[in-house]
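Report on the following structure.
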Amino acid sequence: MARIRSSDRKGVAMSVQNWSETVILGELEDDPQYTEDLSAIIEQCTNNPQLDVLLNFEKVTYLNSSNIAKLLKLRKLVTITNERRLKLCKISRSVWGVFLVTGLDRIFDVVEDVPTGLAALQMGE
Numbered sequence: 004m005a006r007i008r009s010s011d012r013k014g015v016a017m018s019v020q021n022w023s024e025t026v027i028l029g030e031l032e033d034d035p036q037y038t039e040d041l042s043a044i045i046e047q048c049t050n051n052p053q054l055d056v057l058l059n060f061e062k063v064t065y066l067n068s069s070n071i072a073k074l075l076k077l078r079k080l081v082t083i084t085n086e087r088r089l090k091l092c093k094i095s096r097s098v099w100g101v102f103l104v105t106g107l108d109r110i111f112d113v114v115e116d117v118p119t120g121l122a123a124l125q126m127g128e
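For the numbering used here, count along the sequence shown from 1 and bump the result up by 3.
Here it is, written out as structure tokens:
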């Protein structure tokens, strides 16, 4: 499994992984890493339109308007332009509240956890 990072953070494990030839797994964190990781994923999906994406929100504790805009940009690229799949998982209660208030819960495919998301992407769901 190849790993990438948009910047090096003192030996911290990389949070964007090429899980397979067609699946990217993003282990997101709060800003500023959130923005860097989503930018790296957007760049990868622009360069390779055959990629499905799974975003793990387990370490994300808040979303701001810039985070939401970046997430919507990724959704448009992956699901509309590239006609691929984007799944989100492990969303905390506080972040889920933002999804509910903004209506994001109706436009994103949310699964319980990483194994469930990876299995769904592999099975073509």
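Glycine is no exception: its CB is placed at the ideal position from the N, C-alpha and C atoms.
C-beta atoms of residue i and residue j nearer than 8 Å
{"i": "Glu24", "j": "Asn59", "result": "no"}
{"i": "Cys92", "j": "Gly127", "result": "no"}
{"i": "Leu124", "j": "Arg88", "result": "yes"}
{"i": "Leu54", "j": "Leu77", "result": "no"}
{"i": "Asn85", "j": "Asp34", "result": "no"}
CA-to-CA distance, residue j to residue i, given in whole angstroms
{"i": "Pro118", "j": "Leu57", "result": "10 Å"}
{"i": "Val15", "j": "Glu39", "result": "Only weak support exists for where Val15 lies, its pLDDT of 42 falling under 50; the coordinates are left without a value."}
{"i": "Ser95", "j": "Val113", "result": "12 Å"}
{"i": "Thr105", "j": "Glu61", "result": "20 Å"}
{"i": "Asp116", "j": "Leu75", "result": "21 Å"}
{"i": "Pro52", "j": "Ala43", "result": "14 Å"}
Residue i - DSSP class collapsed to helix/strand/coil
{"i": "Val101", "result": "helix"}
Nearest-angstrom Cβ-Cβ length linking residue i and residue j, presumed shorter than 8 Å
{"i": "Leu80", "j": "Ile45", "result": "6 Å"}
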